[in-house]
Structure formats: structure tokens, C-alpha cells
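Enquirer: Residue -2 is where the sequence shown starts when you use the working numbering, and the numbers rise one by one after that.
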Amino acid sequence: MATVVEHFLNTFQTIEGTTIAVRQKNFFKLLHEIAPLVKDNVEALDAITSNLNPRTYLESIFRVNFLIYFRKSQELLILLKEGNYVFVSKIAKQDWFFKEVLIDVPADQLVNEILPCMSFSVRMKILRKLSRFSQSEKFDEIFDALVTRYGIYLASPFIIGCSPEKIRQILLDYPAKLTSKQLKILYSKDPQLIDFYFTATNTSSHIYGYTNLIKFLYFNDHALFDILKNKYNISMLIRLGRRATKKFVMLKKDEIIKNPYKFDYINIKAVFRKIGRDSVQLFRNALPEQFPGCLIDSIWPFNSFPEKYHYSLFIKIFQDHYKIRLVDYPNIISEKLLKLIPDNVERSALAKVLVDTGHDEYLKYLLIEDSVPLIKEIINVTSDIEERGKLIKYLIETCHINNSIDALLEVMKYFCFRHKNDDLDVHLQFINNIERHFDFRKFTEEMWATLNEFLAIHMLKFDECQSTYEKIQTMPLASINLGISVSQRLSYLEFLFKKNMAIDELIKEYFTTYLEFPKYRDYDKDFEKYFLLFCINNIHETDRSENFKYLLICEINRWNSAYKEDQLSLYDFPILVHTFNSIIRSKQMKQYPCVFDAFRMKIFTQKKIFTEMNICKFIGRVMKS
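(1) So, is A32 buried or exposed, given that buried needs 16 or more other C-beta atoms within 10 angstroms?
(2) Over the uninterrupted alpha helix (DSSP H) stretch that includes Q71, give me the two end residues.
(3) Is it the case that the segment 267 to 286 contacts the segment 240 to 251, given that we only count it when at least three CB pairs across the two stretches are under 8 Å?
(4) If we count Cβ pairs, one from each stretch, closer than 8 Å, do we get three or more for the segment 515 to 535 versus the segment 462 to 470?
(5) Straight-line CA distance for F570 to I533?
(6) Once DSSP output is grouped into helix, strand and coil, what is the label at K599?
(7) Taking just the CA atoms, how far does G480 sit from I330?
(8) Hey, is the segment 455 to 462 in contact with the segment 432 to 447, meaning 3+ C-beta pairs nearer than 8 Å?
(9) Within its chain, find whatever has a CB closer than 8 Å to the CB of F213; leave out the 5 residues flanking it on each side and keep chain order.
(10) Going by DSSP in three states, P113 sits in which element: helix, strand or coil?
(11) At which residues does the alpha helix (DSSP H) containing P33 begin and terminate?
(12) Smallest Cα separation from N48: which of E72, C396, S309, E30?
(13) Output the residue ranges of the alpha helix (DSSP H) runs that lie fully inside the segment 115 to 174 and measure 4 residues or longer, sorted by chain position.
(14) Quick one: using the 10 Å Cβ neighbour count with 16 as the cut-off for buried, is G158 buried or exposed?
(15) How about F414 and I389: do their beta carbons lie closer than 8 Å?
(16) Per DSSP, what kind of secondary structure is P515 in: helix, strand or coil?
(17) Comparing C-alpha positions only, which one of L474, L351, S484, E110 sits nearest to F435?
(18) Can you tell me the Cα-Cα spacing of L493 and L573, whole angstroms?
(19) Who are the near neighbours of K87 in its chain, counting only those whose CB is closer than 7 Å to its CB and skipping five residues on each side?
(20) Excluding the 5 residues flanking D105 on each side, which residues of the same chain have their C-beta closer than 7 Å to its C-beta?
(21) Let me confirm a value: I211 is counted as buried when at least 16 other C-beta atoms fall within 10 Å, else exposed. Which label applies?
(22) Looking at F577 and I550, is the spacing between their C-beta atoms short of 8 Å?
(23) Taking just the CA atoms, how far does D218 sit from K244?
(24) Can you have a look at F412 and say buried or exposed, based on whether 16 or more other CB atoms are within 10 angstroms of its CB?
(25) Is it buried or exposed for V352, if we count other Cβ within 10 angstroms and need 16 for buried?
(26) For a quick check, are the C-beta atoms of L74 and V39 less than 8 Å apart?
(27) Which term fits P257, buried or exposed, when burial requires 16 or more other beta carbons within 10 angstroms of its beta carbon?
(28) By DSSP, does A559 sit in helix, in strand, or in coil?
(29) Mapping DSSP to helix, strand and coil, what is V378?
(30) Quick one: residues in its chain with C-beta nearer than 6 Å to the C-beta of S96, no 5 flanking neighbours on either side, listed in chain order?
(31) Write down the C-beta distance between I321 and F288 rounded to the nearest angstrom, noting that I regard them as a contact closer than 8 Å.
(32) For E56, which of Q316, Y207, I12 has the nearest alpha-carbon?
(33) State yes or no: is the C-beta of L323 within less than 8 Å of the C-beta of L335?
(34) Looking only at its own chain, which residues have a Cβ that is under 7 Å from the Cβ of K271, when we skip the five neighbours before and after it?
(35) Using alpha carbons as the reference points, say which of D460, E450, F459, E461 lies closest to I477.
(36) Nearest by alpha-carbon distance to V108: which of I100, I139, F117, K78 is it?
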């Protein structure tokens, strides 16, 4: 025995290691080495404990680790009374110490002799841990002692360690406010304590602060959840996600279909996907018994039903459920409903019900052969500029709703002839609504000619730019890009490119006003490439600024991201390489995020390929050059 004790004590004083981590590692090696020799030898273990006299702070920590390792409870209790924050924190991590040692310390001694030796933070840490591991009856005494010495405010967080009967008594005497986490611990002691807590503390009005608890009860005790739901209307606190809803539907499918409003906290879209054809029955069960006299889309599940089935579902409700005709209830026909109807004739029939009652805004939903003449007729007798602008908008929208590009051409010719001298707001309604509802890239040659004719008149009337006036007067309209937006101008350039017409000068002119490039894969690929390469090869004629060159570097990046099979190399364009080198040498490199993205996206293809491994080396080499 003497040999083991002496060996440990001598080695303890001379643990080797150049760093704290190495010495700590060697110390634990020593512990594991002697553990089998002294584990069952109480006399040897006591001899080591009594003679273990640390000379440094590190050795003091090693001594604490030794006492914890061999569970020397009395020595650890003495350390606890000393109140050293580091030592107490190490002890507080040991669950066995609370279960085997502190549980036997009398409540009066613990509260009045041990706890006062500690700082406030350590004291709270010890009490928090003790409330988890102490027997409820024992902690009842500790809680009373805490109230006597420190008052209810400091003691109230530790109510969770008491017995259920004591908790009820405390809540009646001292209405303490607990957190969701603490209430979950009360639930583990007695589920009925949850309802008792909200009643005794009169916190039902603040129950919305306990979302985590409510969700916990929903998944673990649906009976108690239903009690609280009926008592405090807490269902709005629960919002199940898509995955949770699908799992829940597997358990309560029939109940959800029978009474959907009982489960208004689930993800109804996920329910429809999960139950398939039974979705119609669920929707029927959600309908009021009597026709509500309002829009069906105001009923909760309707908007969550797959949109492609909205109209068929709508009609089934009226014909099968309420046994009425939709046309007999014009007050529930809305624009939203008309947009759901896929058939033009059927849509027109319902829209006519509203048009006949004086609602001109529904004219656009009539068949194209009916809507256009009627709207034109109203325009002819309308003097108010704002109203005329609205009617022009309806003309464009009826072409869109009826999906008629031919009708749009006729409307454009009509407008160009009858309204070329109209007010600016009317002109803008016409141009903007064409762009909003139609794709310029689908315009025919005749449509572009008509639009250009109108734009020329519009520019002469409202644009004060002398150069524009001169171009319109001296050049063919087909050779002038008069678009008033990026989309119009780029679409017209694409149209001319496909017609094999010269667009170089128009591209140069485009960049005097705009700095936007075509969105790749939105336009013809050959046009996009020609447009980009022309800009790069004619930088001196389009824009000399470094910012524009930086934009071109970014465009190469975007092109290569969009077209993996047709890459462009930055090294084919020396002027851009020079700009790139200038940027990465600059202190403002962070202002050019595309440059660093260029490395990571590996856009410099064909001649060099950069990887994450050599990015830093490359930057370092360029910085030195």
C-alpha cells in the first residue's frame, strides 16, 4: 500500500508537460493507472486524499478532479462551502453528487451554512440542479428554508422541485410566474398541475406566452390540450408544419374529414395532398348548412385547395350541395371567380350578368367579339381622361383574357388611329398594359410596325429631345428603337436580329440610356451572345468607364453559368483582364463581389481553370506583379 501511495504523491508533484493541456492529460493517465490499485482499498485512498497537498493552482484543480473521480463526498462538500467558483462549477456538473451527497444535508444547514458561502450565480446554479435531483418531500423543506432566508422572489424559480401538494399550496399563497420549461417539469410530476397553475395564478390572459408548452401538450397529451383549448382558446398557438401535419393525418384522418374546423391549426394544403380524393368530402363538411350568401372563397379551406380544381369545386358546391344556380346570385360573382373559369364562353355568360347590372369593369371578361365593340362604344362617349384610361386598359386586358394576339393587333391599330392625340396618361395606360400582359418577343412584324408608328407619334408629342425628333423625321421608323422600357428595346433588337437587320448602331444607342443586359435564356441565345460580344469588342464606342467593364466581367460570369456548353474565356478579352487585375489590386475589392464569385464559379475557362486550392496563390501572385 505504501508503495502505491508514495508513487502517486511523488508523481503528482512532478507531473510533466510543457503546456497545461499536456500536464492535464498526464494527470488523468496517472489516475487511470492507480485506479485499479486503490479502488477497493479505502485505507490507501484515504491516505492519498489526506496527503494530497497542491502547491500551485493547477495542482489544486487536479486535486478537485481526483476527489470527483473517486467520489470523495465529504471533501467535496468542504470545497463546496469554500465557494470557489471554478471548483464549485466542476462539482455542480456531477449529477451523482446531488443525488448521493446534498440530498442528505439538512435543509437548514444547506440554506444557512453552505449556500451563503457562494456567489449569487453559483448559488442559483446549485439550487437549480438540486431542484431536479432532490426528492420532492425533501425539497419541500429546502423551499421553506429558502423563503424564510431569501424571500419568495428568489425561491419561486425552484418551486418545480417541490411535491405536487406543496406546489398547489405555494401557487395559492404566492402566484409565481413560471416559464414553459418549468411548467413541463410540473407536468412530469402531475399533469393536472398545468391547468391548476393557469387558474391559480390568473395568467390565462397571458397564455399566449406559453407556445412551447402548448405545442408540447399537443403532441404528448391531447386530452389535456383539448381541455385547455376549450377553456382558453389556445388552438391559434399551434401551427403544424407540412411534415407534422402528414404524420398527424395518418392518425386522425377520419376525424379531420368529419370535423375540419376542430383542427384549424394544421397545414390544410398538406392535408389535401395526403388524403387525395377525400379532400372534396372534407371541403363539404366545412361548408355551412345554409347557403351563406357570400363568396365561397371566404370559407377557410377553399383557398388551400389546389387552384386547378377551384372552379370545378365551386360549381359542385352550388349544383350539388346548395342546389342553386350561380347566375341567380350575381352578388357572389367576383373577378376572382371569373379568373378561375377556364372556358371563355362560360366565363362570358357569368360576366354578362354583372355587365347588365351596370358593372363596366367586367366587360373585359366577355368574348372578344362582344367586349371590344362595347368598350370602344363606351370610349367614344367618355370625356373623362381617367375613365378613358381605364377603358383602354380593359381593351388590352380583354385581349389577354381571351388569349387573342390578333385582337391585340386590331386594338393597337384602333388606338394608333383614334387616340394618337390623346392625353399622356391614356398613352401610358396603353403602352404599360401591353407590356404587363403580353410578351413583346412574340410580336409579329405588323405589330412592331404599328407599335413603332404609335411610339413615334407619342415621342413627337411628349418627348422634348431634339435628336429624337430629328431621327423620327429623317429615318425609317423600322431602323429606330423607340421603346420606352428595357423590355421593349431589347425585344425589338432581338426581332431585328432575327430578321438579319443591322443592330450595331442601335446597341450603341441603347447603352446611352440603359445599362441592363438581356436575361440569359429569356431571349434567343444567338442574339444574347452577339449582344454581349459586341459590347465587349466595342467598349471604346459604348462606354469607357471601369464600372461598365466590371459589368461586362459579371456578364461573362452569368453567361457561363447559363450556358455550360458554350463558355467564354475572360482571357480572350485583354481589356477586361486589365480591369480585372486592377480590381483585385484595389483596396476596394469588396465593392466588386462578382470578381471573387468569378473565382468560385470557375468562369475563366478554356485557357485557365481556377480551383479553391490555388485561388489564394493566384491573388498573391497578381498582388506582387
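Idealized CB from N, CA, C, for every residue including glycine. Keep in mind that this is a model prediction, so the values were computed, not measured.
Expert: Reading it off the structure:
(1) Residue mapping note: residue 32 aligns to position 35 of the sequence shown, counting from 1. Result: exposed.
(2) Against the sequence shown, residue 71 aligns to sequence position 74. Per DSSP, Q71 belongs to the alpha helix (DSSP H) from 70 to 79.
(3) yes
(4) no
(5) Position 573 of the sequence shown, counted from the start, is the residue given in the question as residue 570. Position 536 of the sequence shown, counted from the start, is the residue given in the question as residue 533. Taking the straight line from one Cα to the other gives about 8 Å.
(6) Position 602 of the sequence shown, counted from the start, is the residue given in the question as residue 599. Confidence in K599 is poor, its pLDDT being 44 and thus under 50, which makes the residue's placement unreliable; the coordinate value appears in the next sentence. Note: K599 maps to coil in three-state DSSP.
(7) What you label residue 330 is simply residue 333 of the sequence shown in a count that begins at 1. What you label residue 480 is simply residue 483 of the sequence shown in a count that begins at 1. Each residue's Cα considered, the two are about 39 Å apart.
(8) no
(9) Taking the sequence shown and counting its residues from 1, one reaches residue 213 at position 216. Once the five neighbours on either side are set aside, the close Cβ partners of F213 are S177, K181, Y184.
(10) Sequence index remark: in the sequence shown, residue 113 carries index 116 (1-based). DSSP places P113 in helix when its eight states are reduced to three.
(11) In the sequence shown, counting from the first residue as 1, residue 33 sits at position 36. 17 to 35 is the span of the alpha helix (DSSP H), which, as asked, contains P33.
(12) As a first step, residue 48 must be located in the sequence shown, where it is residue number 51. The candidate whose alpha carbon is nearest that of N48 is E72.
(13) 117 to 130, 133 to 147, 149 to 152, 161 to 170
(14) Walking along the sequence shown from the start, residue 158 turns up at place 161. That one is buried.
(15) Reading the sequence shown from its first residue, position 417 is the one you call residue 414. Reading the sequence shown from its first residue, position 392 is the one you call residue 389. Result no, Cβ atoms of F414 and I389 do not sit closer than 8 Å.
(16) For this step, residue 515 is matched to residue 518 along the sequence shown. P515 falls in the coil class under three-state DSSP.
(17) Working through the sequence shown from its first residue, we reach residue 435 at position 438. For the residues L474, L351, S484, E110, the minimum Cα distance to F435 belongs to S484.
(18) For the purposes of this step, residue 493 is taken as residue 496 along the sequence shown, with counting starting at 1. For the purposes of this step, residue 573 is taken as residue 576 along the sequence shown, with counting starting at 1. Spanning the two alpha carbons is a distance of roughly 28 Å.
(19) By one-based count along the sequence shown, residue 87 stands at place 90. Within the same chain, and ignoring the five residues on either side of K87 in sequence, the residues whose Cβ sits closer than 7 Å to its Cβ are V61, I65.
(20) Counted from its first residue, the sequence shown places residue 105 at position 108. Listed in chain order, the non-local C-beta contacts of D105 below 7 Å within the same chain comprise A142, local neighbours out to five positions each way being set aside.
(21) As a position in the sequence shown, residue 211 is number 214, starting the count at 1. Buried: at least 16 other Cβ atoms inside 10 Å.
(22) Numbered from its first residue, the sequence shown carries residue 550 at position 553. Numbered from its first residue, the sequence shown carries residue 577 at position 580. Yes.
(23) What you label residue 244 is simply residue 247 of the sequence shown in a count that begins at 1. What you label residue 218 is simply residue 221 of the sequence shown in a count that begins at 1. Cα-Cα distance, rounded: 16 Å.
(24) If you number the sequence shown from 1, residue 412 lands on position 415. Its Cβ being crowded by 16 or more others within 10 Å, F412 is buried.
(25) As a working note, residue 352 is residue 355 in the sequence shown. The residue is buried, with at least 16 neighbouring Cβ atoms inside 10 Å.
(26) The count along the sequence shown starts at 1 and reaches residue 74 at position 77. The count along the sequence shown starts at 1 and reaches residue 39 at position 42. Not closer than 8 Å, so no.
(27) Against the sequence shown, residue 257 aligns to sequence position 260. Residue environment: P257 is assigned as buried (16 or more neighbouring CB atoms within 10 Å of its CB, all protein chains considered).
(28) What you label residue 559 is simply residue 562 of the sequence shown in a count that begins at 1. Here A559 sits in helix by DSSP.
(29) Position 381 of the sequence shown holds residue 378. Correct three-state label for V378: coil.
(30) Start at 1 with the first residue of the sequence shown, and residue 96 comes out as number 99. Checking the sequence, you will find Lys at residue 96 rather than Ser. Excluding sequence neighbours, K96 sits near F130.
(31) Residue mapping note: residue 321 aligns to position 324 of the sequence shown, counting from 1. Residue mapping note: residue 288 aligns to position 291 of the sequence shown, counting from 1. Indeed, because the Cβ distance is near 7 Å, the residues count as touching under 8 Å.
(32) In the sequence shown, residue 56 corresponds to position 59, counting from 1. Answer by Cα proximity: I12.
(33) Counting from 1 along the sequence shown, the entry for residue 323 is found at position 326. Counting from 1 along the sequence shown, the entry for residue 335 is found at position 338. No, the Cβ-Cβ distance between L323 and L335 is not below 8 Å.
(34) On the sequence shown, residue 271 is found 274 positions in, with the first residue counted as 1. These residues qualify, in order along the chain: K243, V246.
(35) Locating residue 477 in the sequence shown gives position 480, counting from the first residue. Cα-wise, what sits closest to I477 is E450.
(36) Taking the sequence shown and counting its residues from 1, the one referred to as residue 108 is at position 111. The residue with the shortest Cα to Cα distance from V108 is I139.
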